[in-house]
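Residue numbers (the numbering used here), protein chains in the order written: chain A, 146 to 382; chain B, 252 to 811.
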């Protein structure tokens, strides 16, 4: 018998909470966004990257889950990147930030990827999502990297959070050209690492929406599946 | 753990290491025994070494056994407190399954000493378990159910001024069993990264182990409290020997299995430390008398434990027969045949075990051989944690030829298998909509395979192997992954496996004959679990801390 609030019927349990916002741990953010990305149709390996990126953004004081949700609502329409030296051209509309980010990290140190030369990515949607991957790429690119887009700028090294992040004029979801420029270690040392900001709370509405996507990877229960997962006998012994 | 480790005689320990191909098979992992490197043993050693003190600042439990209590440890880094809520649970609600919604008792481990406001906040959330929210001040969330028959028997006897029946107590082994112990950021709790830098919590699962250890004290206090309520002045406390024989039970299902697959670096570190410890013992050139005596004592303890260890499950029952017979053989061999003065006596003993003992007893011999060698192996424990995020990135500059070589070296068990054959893909792992419980389905009989979890590691490796056949040797993986994002997960695993040889369980996890309890036993043995008792091929009960001291046996705050 299922009561209205039966928690056996829900996923990460948003429905019991009536607050406008909720604080998720980084591991919850990672798991939620991974499942939501998979639920939205991405492959497991890409979905893992989405979960990781959401927790990286949250650690940097940005709203990782909300950015992920907004991106997922149109991820299917965004173009795949075509990595090439110096410039990744957008030939068929705005590019997908997750797939661009993954490719940036994968191509780091190769001629097409970030390294010793300036690299431009045309029309990337949700440009903030690219930052975790540029940070990862710095480890292999051999230098720090400065990312400039629209009205935002970030300086990244291999640390957990950006060395510097300036979003005074961040254009949000709007697609923007990104310019990634290597920064010498000597220049990096002049920049003071900002203190880790608090992880922002997530709105209840965004939590529910991500949870609904995450539930798409679950299988409805059946008598057979319920019985098969437990003990053969009673627990009242 | 990098580079060869020199022994006293100058040989490298490496020559005495077992290979991953031998160790990482389910049939062997499913015979794992707890060792002195297990996480609960690490906790007990630290508690002793650092002189942790314990007290119980709150005990507000009524005559029905309902209320709250706080158990506090204080060590050099500060205090941690188990906050316990005791409930009045109707029998028809008592279920060990994750899909249960009410329990006999619920717990959280609080970082520091909770004040009244904290306790009220926790009282509104902890009893709800998954349906509540905790905060970064909390390090774990757990619940336990009574072992009804034993719990009632113990209360009745103590209330009447008598001790409980020793046989009955030994057979069950615990008053309560936990049915889930959540840590690491679950339901709003502190992320692992927030606490991993603290020495007391650096090793894996230390918060969870501490929570269970303090829960053990709570279960005994609760029966004694209820006995006093019922028996008044006639009531007696539980005798010290009987009390020590009680652990905390744990009842667990498939939830633990995906963990081992999802954390390959962590699994590697656990296995590699245990294997390195065995290799160090085997590499020794002599066997001093005190170490030999320690081995004999450990084997005798294991034999006693095996005599009290029962299981009605046919697989485990047969393994217990193997274990009892093997331990008897080992005791005889060590006492009468083993030449402790020969060259490399420990290695000779190990080889004798390989030749004469069933796998179940070989792994028990491993645990016994580590036991008298604390000075040699305990220091390895610091290598059992993992910063997994540093291994998450993929090296896209790797050449296709190099990845092919990795697959041949580490996935030879998988890449030649025909995963289209029904028996080789008979199962699928999935998450149930019901409380997100991980489950295992029959692919050709049940719906849901379209939502399969990627625990089919062997099948993925084989698919990658075939996809790579079309790539030129020098083609960078970045280019391959751009065209084939569906292989990304297994490329990551393979690159991890190349650097961490014990990262991958080398068996087909979707095979028709795969036994999930083998995965559970592997993980539980690293916790330090004893009395592994399967209740089906995917559900198990175990005991933790049985025979171990209680917090107040070590250092009572009021006695210090």
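Built from N, CA and C at the ideal position, the CB exists for glycine as well.
For residue i, the first and last residue of its enclosing beta strand (DSSP E)
i	result
residue 640(B)	Element bounds for residue 640(B): n/a, residue is neither H nor E.
residue 301(A)	297-301
residue 675(B)	Counting along the chain, residue 675(B) falls outside any beta strand (DSSP E), and DSSP gives it neither H nor E.
residue 332(B)	329-337
residue 311(A)	309-311
residue 711(B)	Per DSSP, residue 711(B) belongs to no beta strand (DSSP E); it is in the alpha helix (DSSP H), 708-719.
residue 250(A)	Element bounds for residue 250(A): not the beta strand (DSSP E) but the alpha helix (DSSP H), 242-251.
Nearest residue (CA-CA) to residue i, options the options
i	options	result
residue 182(A)	172(A), 194(A), 171(A) and 173(A)	194(A)
residue 260(A)	240(A), 352(A) and 291(A)	291(A)
residue 494(B)	413(B), 420(B) and 431(B)	420(B)
residue 324(A)	334(A), 340(A) and 295(A)	295(A)
residue 592(B)	555(B), 538(B) and 645(B)	538(B)
residue 457(B)	475(B), 380(B) and 433(B)	433(B)
residue 282(B)	735(B), 611(B) and 708(B)	611(B)
residue 100(A)	249(A), 310(A) and 275(A)	Any property of residue 100(A) remains undetermined from this structure, which presents chain A solely from 146 to 382.
residue 309(A)	328(A), 361(A) and 352(A)	328(A)
residue 816(B)	618(B), 715(B) and 636(B)	Nothing can be reported for residue 816(B): it is not among the residues displayed for chain B, which extend from 252 to 811.
residue 585(B)	513(B), 481(B) and 607(B)	607(B)
residue 286(A)	230(A), 216(A), 253(A) and 348(A)	253(A)
residue 690(B)	577(B), 467(B), 471(B) and 509(B)	509(B)
residue 315(B)	476(B), 413(B) and 295(B)	476(B)
residue 358(B)	577(B), 550(B), 345(B) and 321(B)	321(B)
residue 546(B)	601(B), 376(B) and 501(B)	601(B)
residue 463(B)	674(B), 556(B) and 499(B)	499(B)
residue 670(B)	790(B), 758(B), 483(B) and 725(B)	758(B)
Spatial distance of residue i from residue j (CA atoms)
i	j	result
residue 389(B)	residue 362(B)	6 Å
residue 695(B)	residue 679(B)	10 Å
residue 764(B)	residue 638(B)	34 Å
residue 741(B)	residue 712(B)	6 Å
residue 672(B)	residue 772(B)	28 Å
residue 536(B)	residue 590(B)	12 Å
residue 521(B)	residue 506(B)	19 Å
residue 374(B)	residue 461(B)	20 Å
residue 784(B)	residue 574(B)	14 Å
residue 821(B)	residue 367(B)	An answer regarding residue 821(B) cannot be provided, because it is not within the stretch 252 to 811 covered by chain B.
residue 444(B)	residue 489(B)	40 Å
residue 340(A)	residue 284(A)	21 Å
Cutoff 8 Å: residue i Cβ touching any chain B Cβ
i	result
residue 146(A)	Bear in mind that a pLDDT of 27 at residue 146(A), under 50, signals an unreliable position, so the number given afterwards is only what the model happens to contain. No, its Cβ sits nowhere closer than 8 Å to a Cβ of chain B.
residue 320(A)	no
residue 130(A)	Absent from the model: residue 130(A). The displayed extent of chain A is 146 to 382, so no value can be given.
residue 255(A)	yes
residue 349(A)	no
residue 365(A)	yes
residue 362(A)	yes
residue 172(A)	yes
residue 248(A)	yes
residue 193(A)	yes
residue 356(A)	no
residue 177(A)	no
is_contact[residue i, chain A] using C-beta, thresh 8 Å
i	result
residue 692(B)	yes
residue 501(B)	no
residue 439(B)	yes
residue 516(B)	no
residue 425(B)	no
residue 369(B)	no
residue 795(B)	no
residue 399(B)	yes
residue 509(B)	no
residue 390(B)	no
residue 462(B)	no
residue 733(B)	yes
residue 455(B)	no
Residue i, enclosing alpha helix (DSSP H) - first and last residue
i	result
residue 200(A)	189-204
residue 522(B)	515-534
residue 446(B)	443-446
residue 610(B)	610-621
residue 172(A)	171-184
Residue i: CB within 7 Å of a non-hydrogen atom of the ligand NAD
i	result
residue 549(B)	For the structure depicted, the ligand NAD is absent and the ligand set is empty, with no information on it obtainable.
Every unbroken alpha helix (DSSP H) within the segment 380-411 of chain B, with a cutoff of 4 residues, ordered by chain: Contiguous alpha helix (DSSP H) elements confined to the segment 380-411 of chain B occur at 399-410, taking only those with 4 or more residues.
Length-filtered (4 minimum) alpha helix (DSSP H) runs lying within the segment 464-503 of chain B: Runs of the alpha helix (DSSP H) inside the segment 464-503 of chain B: 491-495.
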